[in-house]
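Using full-length UniProt numbering, the letters of the sequence shown correspond one by one to residues 1 to 437. All C-beta atoms, glycine included, are put in the ideal place defined by N, C-alpha and C. Reviewing the structure listed below.
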Amino acid sequence: MLTRRRTLLATATAACAALLLATPMTTSATTPSPAETSAAAEAAHADKAIYLVHKVGTPELRSAVARTGIDVMGADGDVMSVRASEAEVRVLRAKGFEVEFRAAGEHGDHSHGDLGIADFPPADAAYHNFAEVTAELRKAEADHPGIAQLRSIGKSHENRDLWMIKISDNVATDENEPEVLFNCNQHAREHLTVEMCLRIVNRFTDGYTTDPAIKSFVDSREIWVIPSVNPDGSEYDVATGSYRSWRKNRQAPGGTDLNRNWDYNWGCCGGSSGSTSSDTYRGPSAFSAPETARLRDFVNSRVVGGKQQITANIDFHTFSELVLWPYGYTTADTGPGLTADDARTFQTLGRQMAATNNYKPQQSSDLYITDGSSIDWMWGRHKIWSYTFEMFPSSIWGGGFYPPDEVINRETSRNDRAVDLMLTYADCVPRVIGKTC
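Next comes the structure, spelled out in structure tokens:
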């Protein structure tokens, strides 16, 4: 009997041990690690192609496309270009949209070399990577110490500096002057915007002693420039010999869309996605991305004596050649905190700037509904006259997110007069409609 009991006990013990050993294996098989989840998200992102969605000539139809969480690349007339998986295309077709295959990958022609080059393809070498941006900004400060001051407003998810340069006379002093903020590269693949911000830096530093108009702006304004809000995503996008069409930052599992992560009406209105696999994923909470949180902190810090010192802002993006203004979350011209006079001011200055660069001016929601955007937050929280510029090209046919580097000078200088207009009215933007401040 004792022998039988020992045999049963040994058998039971062995069975329990087997279960204990098996349990971690089962957990590992059913619960992917963060690295595995990120890898899966990146593989799914890569397995997409370019499609055209036809007959979407109204904001309502374009918003319905965007609301699926698909990666909207641009819109031209009644056609939207999107980057989508086969499953996402099936969803669009099930909703009645006419979808046409355009090309595999980003444009079907962006393989330029071996993996691991960690830089732009040789054909696009004039674009600046993060190290080159850093060097360019340090040079501007070193060459013009009296009017340029470089600082980091914090760190990105992968611990890169979020560089910001201040340009003003008496640059080390916080003077009582109107302040204007120019920020670029919230979306990783929009590299032309980095060049736009670098042009602003170089134009207002190098031209200070030779151009009276530039000297006047620098002497009477405080100009803040952030060339890359999303350095991690930007570096990831060019880290191989092929462009990855990466939009978001690099937080696990698949990144956050920084321009859907701001807390003014965050996630309110179908203008962003709650799916981590979507290119418009808004994050688990507003300001969950360190990059948006640090830019928020800087803007909040410019409230001095109860008054926001930054009066105007341009957030540069690509592409579609548009000048956009708030609100993006509603199709109404007015809304909470945005009066009829405010709307008329946005419209008038927006149209004047668009007349200088031949972009199309419109309210942001006339393109499609977005929520959690930076320009809605800038106005909704701080009453900063904030615009989005969607730069060259006007459509996917001009190179989409990856125009050749030969266009950099032409397309960044195209915005010189618009930038000057913003600076001109920065002391009292409603002057543009004959109002006083």
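Where does residue 109 land, buried or exposed, given buried means 16+ other C-beta within 10 angstroms?
Start at 1 with the first residue of the sequence shown, and residue 109 comes out as number 109. For residue 109, the pLDDT reaches just 37, beneath the cut-off of 50, and the residue's location in the model is therefore unreliable, leaving the point undetermined.
Could you tell me which residues DSSP puts in a beta bridge with residue 388?
Counting from one through the sequence shown, the residue named residue 388 turns up at place 388. Residue 388 is bridged to 315, 324.
Among 132, 421, 88, whose alpha-carbon lies nearest the alpha-carbon of residue 349?
Indexing the sequence shown from 1 puts residue 349 at position 349. Closest option to residue 349, Cα to Cα, is 421.
Residue 164 - partner residues in DSSP beta bridges
Within the sequence shown, numbered from 1, the residue matching residue 164 stands at position 164. Answer by DSSP bridge pairing, in chain order: 151.
According to DSSP, which residues form a beta bridge with residue 281?
Here residue 281 corresponds to residue number 281 of the sequence shown, with the count starting at 1. In DSSP, residue 281 forms a bridge with 273.
CA-CA distance, residue 246 and residue 435?
Looking up residue 246 in the sequence shown gives position 246. Looking up residue 435 in the sequence shown gives position 435. Taking the straight line joining both Cα atoms gives about 43 Å.
Return the Cβ separation of residue 277 and residue 254 in integer angstroms, given the expectation that the two are a contact with Cβ distance under 8 Å.
One-based indexing of the sequence shown puts residue 277 at position 277. One-based indexing of the sequence shown puts residue 254 at position 254. Yes, they are in contact, since the Cβ atoms of residue 277 and residue 254 sit about 6 Å apart, within 8 Å.
Out of curiosity, what's the CA-to-CA distance linking residue 344 and residue 125?
The residue given as residue 344 occupies position 344 in the sequence shown. The residue given as residue 125 occupies position 125 in the sequence shown. Roughly 42 Å between the two C-alpha positions.
Pairwise C-alpha distance: residue 401 and residue 409:
Along the sequence shown, one-based indexing puts residue 409 at 409. Along the sequence shown, one-based indexing puts residue 401 at 401. Cα to Cα, the separation comes out at about 16 Å.
Between residue 51 and residue 82, how many whole angstroms is the CB-CB distance? I'm expecting something under 8 Å.
Counting from 1 along the sequence shown, the entry for residue 51 is found at position 51. Counting from 1 along the sequence shown, the entry for residue 82 is found at position 82. Right, the Cβ-Cβ distance comes to about 5 Å (below 8 Å), so this counts as a contact.
Go ahead and label residue 386 buried or exposed: buried means 16 or more other beta carbons lie within 10 angstroms of its beta carbon, across all protein chains shown.
Locating residue 386 in the sequence shown gives position 386, counting from the first residue. Buried, by the Cβ-count rule.
First through last residue of the alpha helix (DSSP H) which encompasses residue 59
As a working note, residue 59 is residue 59 in the sequence shown. From DSSP, the alpha helix (DSSP H) with residue 59 extends over 59–67.
DSSP three-state label for residue 401, please.
Position 401 of the sequence shown, counted from the start, is the residue given in the question as residue 401. Here residue 401 sits in coil by DSSP.
Mark residue 143 as exposed unless 16 or more other C-beta atoms lie within 10 angstroms of its C-beta, in which case mark it buried.
Counting from 1 along the sequence shown, the entry for residue 143 is found at position 143. Under this definition residue 143 is an exposed residue.
Determine which residues share a DSSP beta bridge with residue 54 and list them.
By one-based count along the sequence shown, residue 54 stands at place 54. Residue 54 pairs with 98.
Counting only the same chain and skipping the five closest in sequence on each side, list residues whose C-beta sits under 7 Å from that of residue 399.
As a position in the sequence shown, residue 399 is number 399, starting the count at 1. Cβ neighbours of residue 399 beyond the five flanking positions: 393.
Leaving out five residues on either side along the sequence, give the residues of the same chain with a beta carbon under 8 Å from the beta carbon of residue 432.
In the sequence shown, the residue the question calls residue 432 occupies position 432. Correct list, in chain order: 345, 348, 349, 352, 425.
Paired residues, beta bridge with residue 84 - DSSP:
The residue you call residue 84 lines up with position 84 of the sequence shown. Answer by DSSP bridge pairing, in chain order: 49.
Go ahead and pull the three-state DSSP assignment for residue 287.
Your numbering for residue 287 matches position 287 in the sequence shown. Here residue 287 sits in coil by DSSP.
Around the C-beta of residue 53, are 16 or more other C-beta atoms found within 10 angstroms, so that it is buried, or is it exposed?
Position 53 of the sequence shown, counted from the start, is the residue given in the question as residue 53. Answer is buried; the Cβ neighbour count reaches 16.
When we look at the beta-carbon of residue 428 and count the other beta-carbons within 10 Å, is it buried (16 or more) or exposed?
Within the sequence shown, residue 428 is the residue found at index 428, counting from 1. So residue 428 ends up on the exposed side.
Among 332, 304, 396, 291, which one has its Cα closest to the Cα of residue 186?
Residue 186 sits at position 186 when you count from the first residue of the sequence shown. The shortest Cα separation from residue 186 among 332, 304, 396, 291 belongs to 291.
Cα separation between residue 336 and residue 287?
Working through the sequence shown from its first residue, we reach residue 336 at position 336. Working through the sequence shown from its first residue, we reach residue 287 at position 287. Near 22 Å, if we compare the C-alpha coordinates of residue 287 and residue 336.
Which residues in the same chain have their Cβ closer than 6 Å to the Cβ of residue 149, if we skip the five residues on either side of it in sequence?
For the purposes of this step, residue 149 is taken as residue 149 along the sequence shown, with counting starting at 1. The answer, listed in chain order, is 166, 171.
Taking only the alpha-carbon atoms, compute the straight-line gap between residue 103 and residue 249 and give it to the nearest angstrom.
Within the sequence shown, residue 103 is the residue found at index 103, counting from 1. Within the sequence shown, residue 249 is the residue found at index 249, counting from 1. So the alpha carbons of these two residues sit roughly 25 Å apart.
Per-residue burial, residue 106 [other beta carbons within 10 Å of its own, 16 or more giving buried]:
For this step, residue 106 is matched to residue 106 along the sequence shown. Here the model assigns residue 106 a pLDDT of 49, short of 50, so the residue's position is not dependable, and the following value carries that caveat. It counts as buried.
What's the C-alpha gap between residue 74 and residue 211?
Counted from its first residue, the sequence shown places residue 74 at position 74. Counted from its first residue, the sequence shown places residue 211 at position 211. Between residue 74 and residue 211, the C-alpha separation is close to 36 Å.
Where does the unbroken beta strand (DSSP E) through residue 186 begin, and where does it stop?
Within the sequence shown, numbered from 1, the residue matching residue 186 stands at position 186. Where residue 186 is concerned, there is no enclosing beta strand (DSSP E), given that its DSSP letter is neither H nor E.
Does the distance from the C-beta atom of residue 269 to that of residue 208 stay below 9 Å?
By 1-based counting over the sequence shown, the position of residue 269 is 269. By 1-based counting over the sequence shown, the position of residue 208 is 208. No, Cβ-Cβ distance for residue 269 and residue 208 is not below 9 Å.
Alpha carbons only, please: which of 415, 55, 157, 301 is nearest the one belonging to residue 174?
Locating residue 174 in the sequence shown gives position 174, counting from the first residue. Nearest option by C-alpha distance: 301.
Residue 279: beta carbon under 8 Å from a heavy atom of the ligand FAD?
As for the ligand FAD, it is missing from this structure, which has no ligand bound.
Could you compute how far the alpha carbon of residue 79 sits from the alpha carbon of residue 204?
Indexing the sequence shown from 1 puts residue 79 at position 79. Indexing the sequence shown from 1 puts residue 204 at position 204. The alpha-carbon atoms of residue 79 and residue 204 are separated by roughly 38 Å.
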